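Quick notes on the structure that follows.
Chains as they are written, first to last, in the working numbering: chain E, 450 to 940; chain H, 446 to 570.
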């Protein structure tokens, strides 16, 4: 089917850019069409917390003028939505939490600023697990997001609203953040493409912090090509984030043509153990076979300590979260308890009322592992195991260019299915967390359907290997059409 | 831990809770946290727990702590703790003013202010 036959909402960013350039439609028409689609599906999916229709239409008009005068940016007039933990000046930024349900950011996050400067139009802010703590979008104060493939199911999380909106063909692209898998896992569960760049590749300025040594911003799209278009704009050094890396940003779109011939793809045997659903395993193996047929070489690699990545993460991430979330105190912004008796009561009740159950558990886990007498046994121990896990990856990347395997152990699960046991929920991220601990880039691409539900293939590369990951994902998407499959109710 | 610091912050803790009692650490013997320990952690974290939440928090926090306990078995002698994913050190910058004064704008988000100050309940009598 040619692009001209596609409804406007079915097009990718690249397809929309062509349509805009050819004058098939204006940015205003595009924006109006997608705003209508947001409204139409909000009751079913709950993918949005805020819709910024008025600003979007203003931006669209300016984009149309810029195009006419020939000075639009590289993303001029292209629609995008932001996960609601990117600060947006003058617009609500809630992080899916009651404690920020009235917070209007005084400034834009670097990611928001860069995409806007390139001409992208923000249509709204997407729903998410509270402070990005969750793998199912069920911890949001604003209610769970549903999966467009089956609305009884979760879209994954924490960037669940972003993933659902992209999968349902409501918007072509959304930003997300990934601390332990929060871009890649929902991308896998919704049949979308999601990339988490190298730690430090994209500025975290204005991205509300959860676990600062693990958090990284990325995108969820419907193709690797679209992800490349956005990442090229988002990546780069920013003096306002002291962990942002001053490292040249390649032209990711130009690099997409690189063949997989001779690419050495590492396969980790432990990733195909009994923990992985057999249908998911079959899809992932098919995908690896396609890449092998296209000239890639499959090589067994060993990550001896990868089995400890989830417990390591659940010491390090809560420790950092307990520190980061101490800023929410009912004094400078956010929810404040009524009639506090004293300062302690103000802090404790504002936080007790403002945070949901999972956030409280993580703040308390973090407080515990950092408390007197426990720091060495938990936090220091975890940072040592983290070093071992990182060293395993460094060793593996001496022999392979990327490591590929499943993104998630199962396809999408039912809303409510895993809420009783935090550990069951945490194990959703068993294949994704390693990349965060080691600061590595990772991408998830759709690689099959199991009982009608999407399966994701994850590829992880060495630091700053985004170009290779995007090229490999793009080449795979030239060989297969899994990324073009849309959920039935959202064609 | 210094008890006077706690007093200064308006919290008086019973002496036996100043240090969390040491747990037995072995996978065969998962030791759950007690309600008192959890309450102490909540106090340190400045989180008020409702009575109805309390049992659930004790149970789930215990499961999390038991789960992460498997790290204890990992051999980490001579391993340096990881400080940064890219082994980078923090950059320094010149100590120059780079921001404009936006106090009034920023304080629009504050629940209670007066004369440019944030208002909190009286701390010193």
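Positions of the beta carbon are idealized from the N, C-alpha and C atoms, including for glycine.
Quantities reported herein were computed from a predicted structural model and do not represent experimental measurements.
- Counting of Cβ neighbours within 10 angstroms places residue 909 of chain E among the buried residues, the total reaching 16 or more.
- The C-beta distance from residue 527 of chain H to residue 459 of chain E rounds to 44 Å, too long to meet the 8 Å contact threshold.
- Annotation: the continuous beta strand (DSSP E) that includes residue 713 of chain E extends over 713 to 717.
- With the criterion set as a beta carbon lying under 7 Å from some beta carbon of chain H, the members of the region 829 to 846 of chain E are 829, 830, 831, 832, 833, 834, 835, 836, 837, 839, in sequence order.
- Distance from the Cα of residue 590 of chain E is smallest, within the candidate group E:550, E:925, E:626, for E:550.
- The Cβ atoms of residue 615 of chain E and residue 641 of chain E lie closer than 8 Å to each other.
- Assignment of residue 930 of chain E by DSSP, reduced to helix, strand and coil, places it in the coil class.
- If only uninterrupted alpha helix (DSSP H) runs of at least 4 residues are considered, those enclosed by the region 811 to 899 of chain E are 830 to 845, 871 to 875, 882 to 887.
- Shown in chain order are the members of the region 492 to 508 of chain H whose Cβ falls below 9 Å from a Cβ of chain E: 492, 493, 494, 495, 498, 501, 502, 505, 506, 508.
- Any Cβ of chain H closer than 8 Å to the Cβ of residue 809 of chain E would place that residue at the interface, and such an atom is present.
- Between residue 887 of chain E and residue 750 of chain E, the CB-CB gap reaches or exceeds 8 Å.
- With 16 or more other Cβ atoms inside 10 Å of its own Cβ, residue 485 of chain H counts as buried.
- Taking C-alpha positions only, residue 784 of chain E is separated from residue 923 of chain E by approximately 44 Å.
- Along the region 475 to 553 of chain E, the alpha helix (DSSP H) occurs as fully enclosed runs of 4 or more residues at 476 to 494, 502 to 517, listed in sequence order.
- In the DSSP assignment, residue 645 of chain E is bridged to E:891.
- Restricting attention to E:582, E:545, E:533, E:583, the CA atom closest to the CA of residue 560 of chain E is found in E:533.
- Residue 903 of chain E: member of the beta strand (DSSP E) spanning 902 to 909, first to last residue.
- Looking from the CA of residue 601 of chain E, the closest CA among E:469, E:631, E:493 belongs to E:493.
- Residue 605 of chain E and residue 792 of chain E have their C-alpha atoms some 38 Å from each other.
- Rounded to whole angstroms, the gap between the alpha carbons of residue 569 of chain E and residue 528 of chain E is 6 Å.
- Residue environment for residue 848 of chain E: exposed (fewer than 16 other C-beta atoms within 10 angstroms of its C-beta).
- If the five residues before and after residue 522 of chain E are omitted, its C-beta is found closer than 7 Å to the C-beta atoms of 566, 567, 568, all from its own chain and listed in chain order.
- As for any beta strand (DSSP E) of minimum length 3 sitting wholly inside the region 600 to 680 of chain E, the runs are 622 to 626, 642 to 645, 666 to 670, ordered along the chain.
- In chain order, 542, 782, 783 place their CB closer than 6 Å to the CB of residue 552 of chain E, counting only its own chain and leaving out the 5 sequence neighbours on each side.
- Note on geometry: alpha-carbon atoms of residue 644 of chain E and residue 561 of chain H lie some 43 Å from one another.
- If the five residues before and after residue 823 of chain E are omitted, its C-beta is found closer than 8 Å to the C-beta atoms of 817, all from its own chain and listed in chain order.
- At a cut-off of 8 Å, the C-beta of residue 536 of chain H has a neighbouring C-beta in chain E.
- Taking a contact as a CB-CB distance under 8 Å, the pair residue 659 of chain E and residue 582 of chain E counts as one, their CB atoms being some 7 Å apart.
- A straight-line Cα-Cα distance of about 47 Å links residue 620 of chain E and residue 521 of chain H.
- Using a Cβ-Cβ cut-off of 8 Å, residue 542 of chain H does not count as an interface residue toward chain E, since no Cβ of chain E sits closer than that to its own.
- Within the region 543 to 576 of chain E, 552, 553, 555 place their CB atoms closer than 7 Å to a CB of chain H, listed in sequence order.
- If the five residues before and after residue 774 of chain E are omitted, its C-beta is found closer than 6 Å to the C-beta atoms of 812, all from its own chain and listed in chain order.
- Residue 469 of chain E sits buried, since 16 or more C-beta atoms from the chains shown fall within 10 Å of its C-beta.
- Residues of the region 893 to 904 of chain E that bring their beta carbon within less than 8 Å of a beta carbon in chain H are absent altogether.
- With contacts defined as CB atoms closer than 8 Å, residue 575 of chain E and residue 557 of chain E fail to qualify as a contacting pair.
- According to DSSP, residue 575 of chain E shares a beta bridge with E:497, E:532.
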